[in-house]
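*Asks:* Residue numbers (the working numbering): 3 to 478.
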């Protein structure tokens, strides 16, 4: 009898992962597509239709190389980045692609000033609608659906416009007063449902594009941060998920309303709160550096492995080079949108791989600052699990363990996909609750313990890095 598996689409900023997981949470197949990014002067964007074409092609490739006579897909689910707005017309065609620039920032500030309690991701989507209405009224009139990245995939899979509280309104209803004041029709927005709710069933058209049978149930899914916590089993008090992806994000789930000054990301359904801190673009810094490298080549995994092997054997400190990973400013622990990335301490003796090491260390220092901010907001840290693509980099995880002087657990680099699969498993009745599913579907792969001597060295380097950063800030 074929074993039952769940197909997950994890739509990130940099990559989309297509993952098959069994009901024990084991990844039995994975395909990854790197998202293309387009720029023209000050604007930048990605193509939502390319997301879908990439996802369908990768799914067919994944299914073709696996023995699907012994596997049976029983459900689909999604995980995805927040903030990306995709706008469709009445026929379901994309008429505005998800932009990456900040053209809507004045509208976002305006909305947050009017409605300070409005969830950030809800405000972001509304601000983009407001920007479109003000800057291209004709195009705005054609919009029939406004949705988030993962919800665009759900729409393509099911034909239904559905979101979840963590991605959008922070609840099961959009804020009526905000929509009224902003004159935005509620039917433009996706219907909020719980992550383990039913978004719909796989349409015949989508099934033919994916190489699957129509009628399969599709779970609503959630923001990739929620999926990462669930997929790493980090849902109890004092547990922190540290995600190494485009950004370096630390998150924990609490029951009480966050205190003043604590950054609340979104709700954890139902009735709990996700708080956290974000080292903006920390992970993207590594991709950026390799993009500029003369070693850049299509097989990025081999290149990462080559550079990781160098870092494993290198002395801490990158030969005196240091890097500040502020490619898009800084938001944690200090808000400084004018901060910019830079190298320091380079000499004629600095090698390409030492520069990579400096980027890795600088990104880690920024992540450590954010982690320490979050850990200061909770009574005690009981456990830390590293998620995201960066969890596969042993020198990176070990460096972070040494830096924050904390044991770090890893699973297998697909925690986000596993979290989405857990939601689907609950949807189809394989487990009665998320907590029960976590017990059966999450296993720790490895624990990285801090090295006492290296921890001491990295603490000194961390202090030097912060001191120099503050000097640069004062001189700006």
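We treat Cβ as the ideally placed atom computed from N, Cα and C, and that holds for glycine.
Since we're looking at a predicted model, the values are computed, not measured.
1) What is the C-beta distance between residue 197 and residue 166, in whole angstroms, given that I count them as a contact (C-beta under 8 Å)?
2) Please determine if the region 449-460 and the region 237-253 are in contact, where contact requires at least 3 C-beta pairs separated by less than 8 Å.
3) Please state whether DSSP places residue 154 in a helix, a strand or coil.
4) Run through the region 325-382 for me and flag every whole alpha helix (DSSP H) of 4 or more residues, listed as ranges in chain order.
5) Compute the distance between the beta-carbons of residue 460 and residue 405, then report whether it is under 7 Å.
6) The beta strand (DSSP E) with residue 78 in it runs from where to where?
7) How is residue 291 classed by DSSP in three states: helix, strand or coil?
8) Of the choices 338, 269 and 256, whose alpha-carbon is the least far from that of residue 376?
9) Please state whether the Cβ-Cβ distance between residue 328 and residue 364 is less than 7 Å.
10) Counting Cβ pairs closer than 8 Å, one from the region 289-309 and one from the region 379-389, do we hit at least three?
11) In the DSSP assignment, what are the bridge partners of residue 47?
12) What is the DSSP secondary structure of residue 140, reduced to helix, strand or coil?
13) Could you compute how far the alpha carbon of residue 54 sits from the alpha carbon of residue 458?
14) Quick one: is residue 304 buried, meaning 16 or more other Cβ sit within 10 Å of its Cβ, or exposed?
15) I think residue 133 touches residue 45, with their Cβ atoms under 8 Å apart; what is that distance to the nearest whole Å?
16) Does DSSP put residue 410 in a helix, a strand or coil?
17) Give the DSSP-derived three-state secondary structure of residue 33 in the structure shown.
18) Quick one: residues in its chain with C-beta nearer than 7 Å to the C-beta of residue 56, no 5 flanking neighbours on either side, listed in chain order?
19) Kindly list the residues whose CB is nearer than 7 Å to the CB of residue 252, restricted to its own chain and excluding five residues on each side of it in sequence; keep chain order.
20) Starting from the C-beta of residue 162, find all residues in its chain whose C-beta is less than 8 Å away, skip the five residues before and the five after it, and write them out in chain order.
21) Helix, strand or coil: how does DSSP classify residue 118 here?
22) Closer than 8 Å is the cut-off here; do at least three beta carbon pairs connect the region 70-83 with the region 175-186?
23) Taking DSSP's pairing of strands, which residues face residue 281 in a bridge?
24) What is the rounded straight-line gap between the Cα of residue 368 and the Cα of residue 267?
25) Using a Cβ-Cβ cut-off of 7 Å (strictly less than) and excluding sequence neighbours within five positions of residue 448, which residues of its own chain qualify?
26) With residue 5 and residue 48 assumed to form a contact (beta carbons below 8 Å), what rounded beta-carbon distance in angstroms separates them?
27) Can you tell me whether DSSP reads residue 24 as helix, strand or coil?
28) Given that a residue counts as buried once 16 or more other Cβ atoms are within 10 Å of its Cβ, and exposed if not, what is residue 394?
29) Within 10 angstroms of the Cβ of residue 250, are there 16 or more other Cβ atoms? Answer buried if so, exposed if not.
30) How long is the line joining the alpha carbons of residue 210 and residue 216, rounded to whole angstroms?
31) Taking the DSSP output, what are the residues bridged to residue 17?
32) Among all the DSSP beta bridges, which residues are the ones paired with residue 255?
33) For residue 96, list the residues DSSP reports as bridge partners.
34) Judging by CA-CA distance, which residue of 469, 307, 338 and 11 is the nearest neighbour of residue 398?
*Replies:* Well, looking at it:
1) Position 195 of the chain shown, counting from 1, holds the residue named residue 197. Position 164 of the chain shown, counting from 1, holds the residue named residue 166. With a Cβ gap of about 5 Å, residue 197 and residue 166 count as contacting.
2) no
3) Start at 1 with the first residue of the chain shown, and residue 154 comes out as number 152. Helix at residue 154.
4) 354-377
5) Along the chain shown, read from residue 1 onward, the residue named residue 460 stands at position 458. Along the chain shown, read from residue 1 onward, the residue named residue 405 stands at position 403. The answer is yes: Cβ separation under 7 Å.
6) Walking along the chain shown from the start, residue 78 turns up at place 76. Its beta strand (DSSP E) spans residues 73-82.
7) Stepping through the chain shown from its first residue, residue 291 is reached at position 289. Helix, per DSSP.
8) For the purposes of this step, residue 376 is taken as the residue at position 374 of the chain shown. Taking only the C-alpha atoms, the option nearest residue 376 is 256.
9) For the purposes of this step, residue 328 is taken as the residue at position 326 of the chain shown. For the purposes of this step, residue 364 is taken as the residue at position 362 of the chain shown. Not in contact: residue 328 and residue 364 (Cβ atoms no closer than 7 Å).
10) no
11) Along the chain shown, read from residue 1 onward, the residue named residue 47 stands at position 45. Residue 47 pairs with 40 and 101.
12) Taking the chain shown and counting its residues from 1, the one referred to as residue 140 is at position 138. Reduced to three states, the DSSP call for residue 140 is helix.
13) Numbered from its first residue, the chain shown carries residue 54 at position 52. Numbered from its first residue, the chain shown carries residue 458 at position 456. Going from the Cα of residue 54 to the Cα of residue 458 covers about 47 Å.
14) Along the chain shown, one-based indexing puts residue 304 at 302. The residue in question, residue 304, is exposed, as its Cβ has fewer than 16 Cβ neighbours within 10 Å.
15) By one-based count along the chain shown, residue 133 stands at place 131. By one-based count along the chain shown, residue 45 stands at place 43. Incorrect: roughly 12 Å between the Cβ atoms, too far for contact.
16) What you label residue 410 is simply residue 408 of the chain shown in a count that begins at 1. Note: residue 410 maps to strand in three-state DSSP.
17) The sequence position of residue 33 within the chain shown is 31, counting from 1. If DSSP states are grouped into helix, strand and coil, residue 33 belongs with the strands.
18) Along the chain shown, one-based indexing puts residue 56 at 54. Around residue 56: 18 and 35.
19) As a first step, residue 252 must be located in the chain shown, where it is residue number 250. The answer, listed in chain order, is 242, 244, 278, 279, 372, 373 and 376.
20) Counting from one through the chain shown, the residue named residue 162 turns up at place 160. Once the five neighbours on either side are set aside, the close Cβ partners of residue 162 are 156, 193, 201 and 202.
21) Residue 118 sits at position 116 when you count from the first residue of the chain shown. In the structure shown, residue 118 sits in coil (DSSP, three-state: anything other than H, G, I, E or B).
22) no
23) Residue numbering aside, residue 281 sits at position 279 when the chain shown is read from its first letter. Partner(s): 250.
24) In the chain shown, counting from the first residue as 1, residue 368 sits at position 366. In the chain shown, counting from the first residue as 1, residue 267 sits at position 265. Answer to the nearest angstrom: the Cα atoms are 19 Å apart.
25) Walking along the chain shown from the start, residue 448 turns up at place 446. Cβ within range, chain order: 412.
26) Position 3 of the chain shown, counting from 1, holds the residue named residue 5. Position 46 of the chain shown, counting from 1, holds the residue named residue 48. About 35 Å; that fails the 8 Å criterion.
27) Numbered from its first residue, the chain shown carries residue 24 at position 22. Three-state DSSP puts residue 24 in a strand.
28) If you number the chain shown from 1, residue 394 lands on position 392. With 16 or more Cβ atoms within 10 Å of its Cβ, residue 394 is classed as buried.
29) Position 248 of the chain shown, counted from the start, is the residue given in the question as residue 250. Buried: at least 16 other Cβ atoms inside 10 Å.
30) In the chain shown, the residue the question calls residue 210 occupies position 208. In the chain shown, the residue the question calls residue 216 occupies position 214. If you take the alpha carbons of residue 210 and residue 216, they lie about 8 Å apart.
31) As a working note, residue 17 is residue 15 in the chain shown. Beta-bridge pairing links residue 17 to 36.
32) In the chain shown, the residue the question calls residue 255 occupies position 253. Answer is 276, bridged to residue 255.
33) For this step, residue 96 is matched to residue 94 along the chain shown. BP columns for residue 96 point to 90.
34) For the purposes of this step, residue 398 is taken as residue 396 along the chain shown, with counting starting at 1. The residue with the shortest Cα to Cα distance from residue 398 is 307.
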